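To start, the structure itself, in structure tokens.
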Amino acid sequence: MKQSLETALQLAVDLLLKEHGVDVHVRVQLTRPKQKDHGDYAANVAMPLAGQLNQPPRVLAEKILSMVVWPDAVEGADIAGPGFINIRLQHASEAEVVKYIVHQRELYGCVEKDENSEKICLEFVSANPTGPMHVGHGRGAVVGDALGRILAARGFDVHREYYINDAGTQIDVLASSLWKRVQQLEGLEIELEAGEYPGEYLIEAAKQLLKDYSFGQLNALNHDSEKWPLLVDYAIDKMMNMIRADLAALDINFDHYFSEKSLHDSGRVDELIEQLKADDLIYLGTLPPPKGKEVSDYKPVEQWLFRTTRFGDDVDRPLAKQDGTPTYFAADIAYHVDKFERGFKRQIDIWGADHGGYVTRVQSAMKALTGLDKQPEVLLVQMVNLMRAGEQVKMSKRAGTFVTLREVVDEVGSDAVRFNFMTRRIESQLDFDLETAKQKNEENPVYYVQYAYARVCAILRKATDEGIALMAVDSVDTSHLTSDEEKRLVAALLAYPEMLDKAANRLEAYRLATYLMDLARSLHSFYHKHRVISDDDGLTQARLLLVRAVGQVICNGLSLLGVSSPERM
RNA sequence: GCGCCUGUAGCUCAGCUGGAUAGAGCAACGGACUUCUAAUCCGUAGGCCGCAGGUUCGAAUCCUGCCAGGCGCGCCA
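Here the first sequence is numbered in the numbering used here, starting from 2 and rising by one per residue.
Put into structure tokens, the structure is as follows:
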């Protein structure tokens, strides 16, 4: 509808421009006015046109209206305010959308994937395999998963990937922490050092390790060639199982878990560095001391630096540490280039806001190595403040008061976690209150929306109980749907595909959550003002069809958010 | 010091690739259950859109400066 209106207006505008012999293109863009007496759609073209043609906008709007050929569904159009063109549609035809929705079912709002679909590699979570996920990881996980579902629904070919940081010093620290726990279990007096992982979960892992191998067996192994690799693999395996279970509790799955270690083992990282040397993109140099931070032990050291400044970065970045081993950055470049070589020209990464300083250097590297501009597209998710009854939950790893994602999910449920994490733009910090998330009222949006769905189901059950047969969808007369509340619902249903499209194009998944809150509000409001089941058969059939369509859209939306749609509450 | 994000009603936030009278929930106050689920609804009240300039026919929205908060700034990931 929107499309055909824009096309009609565009033709008139182009004609007008041609008449004036002006060789510019002014694009028509329709908006949905907030005020309902401003019509169903509004165009502001006359205003920018006024600047181009040197005539008052209202006069130009008049001319456009005299030239435009509207599609049948348009009831009329008029000029208002400084020069807006307000378009009114025949509502009878708009209300027909409920039939379409009931026919389309879970496909309403979706675009089918085909061979032309754009391939997107969506990387999210990628939490380090050194411990359980925390609440902040959870937000990225939920946002990423919902975004993946939305993109897929809009016809993109989405591949979901988790990058496992299973290399580097942190992994050695993890393995040594595990080994100390094993030794402690054997009664040896050994303490963890600062920086080692103190969590309970490693004691559990150590116990399991001792079930699979005897202590004597482990001790007898050659430290570097046998025991250490075994400890490393064992620790990573245990941590990833734990993380996968945490994700499964939120119904989050990946197409591929990509190992950083595999990039090192296969020589991919070394190859990359060699290639960069050949391309003269790296050099031996020293970096200036870091700014704004007390650095007592800074020593200028010569190391391999990537000329990222040539591609927009602030400072050249090291690819190898002092001991000659590659940096995390080096492996990460290799990873993103690997994605490119696997055919992903579009990559979306979801990171925590604390990694924000990293975006430019990765994009610079990608630009240098693949020519891709602004890739990966990085979404930075701000932190989550965990609250309980209005008070911030203080967390400290050392004091053992660290609340894991799993504990939160177990306490309030997956639906509440998922929906609440989706209600705000990712740029905004999020207060997540455990008590609110358990409340069953409007303060907790997930119940508000789910209740609207349950309410639709209750109405349909009631109709069945009363022996009301649902008329064939296409024979229902939707012109009965004339009240403000009904028009509002119809308008919301019509807006669903547009909203999803916007959410997908702007990578803003929260739009779906706020849309559903609005739709639920309209449904509740309608419910209180009007009875669906009444003595008027024609009206009853029309309203039953309307609420079926609303229920369908709520269900479709919730499923894209990964939230359930209970039929009773 | 530099970079990124944020600043809108008492609170939590929408609105931000410029449009008409800046919206919603909570909290406050006043109403609505003999009815398809009151886990809901209706109404009232509440605003120098952080501050100051600028661009524009038009700025919460774009630009500049400042103020406040968050995150980050060596070969940790």
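Every residue gets a Cβ at the ideal spot worked out from N, C-alpha and C, and that includes glycine.
Because the structure is a prediction, the values reported are computed rather than measured.
Apart from sequence neighbours up to five positions away, the residues of its chain that approach E378 with a beta-carbon distance below 6 Å are I349, ordered along the chain. Setting aside the 5 residues that flank it on each side, K395 is surrounded in the same chain by T402, each with a C-beta closer than 8 Å to its C-beta; the list follows chain order. The way I'd put it, the segment 104-111 doesn't touch the segment 48-66; fewer than three beta-carbon pairs between them come closer than 8 Å. An exposed status is given to M384, since fewer than 16 other beta-carbon atoms sit within 10 Å of its beta-carbon.
Within the model, the alpha-carbon separation for I253 versus L562 is close to 11 Å. L524 is a Cβ neighbour of R456, given a cutoff of 8 Å. Between P199 and E272, the alpha-carbon positions lie close to 37 Å from each other. A335 counts as buried, since no fewer than 16 other beta carbons sit within 10 angstroms of its beta carbon. Within the segment 17-86, complete beta strand (DSSP E) segments of at least 3 residues are found at 42-44, 75-81, given in chain order. Annotated three-state conformation of G268 is coil, per DSSP. Boundaries of the alpha helix (DSSP H) around L546: 538-562.
Counting along the chain, the unbroken alpha helix (DSSP H) around E436 starts and ends at 435-439. In the DSSP annotation of this structure, F125 is not part of any alpha helix (DSSP H), being labelled neither H nor E. Shortest Cα-Cα distance from L320 to any of Q276, K300, Y299 involves Q276. Taken in chain order, the complete beta strand (DSSP E) segments of 3 residues or longer contained in the segment 369-429 are 378-382, 385-389. In the three-state reduction of the DSSP assignment, Q348 falls in the strand class, which pools E and B. Buried is the label assigned to Q364, since at least 16 other Cβ atoms lie within 10 Å of its Cβ.
Using a 10 angstroms sphere on the CB of H224, the tally of other CB atoms stays under 16, which defines it as exposed. Look at P290 here: in three-state DSSP terms it is coil, with no helix or strand label. Between the C-alpha atoms of L508 and L222 there is a straight-line separation of about 51 Å.
Under DSSP, D158 forms a beta bridge with K120. Residue state for P327 is assigned as strand, using DSSP reduced to three classes.
The Cβ-Cβ distance between T515 and A96 does not fall below 8 Å. With fewer than 16 other CB atoms across the displayed protein chains lying within 10 angstroms of its CB, V302 is exposed. Beta-carbon to beta-carbon, F330 and M388 are separated by about 35 Å, too far to satisfy the 8 Å threshold. Within the model, the alpha-carbon separation for A74 versus L90 is close to 6 Å. Residue state for Y299 is assigned as coil, using DSSP reduced to three classes. Between E197 and V174, the C-beta spacing is below 8 Å. Boundaries cannot be given for Q91, as no alpha helix (DSSP H) includes it and DSSP labels it neither H nor E. Taking the CA atoms as reference points, V143 sits about 37 Å from G40. Contact between L54 and I86 does not hold, since their C-beta atoms are separated by about 16 Å, which reaches or exceeds 8 Å.
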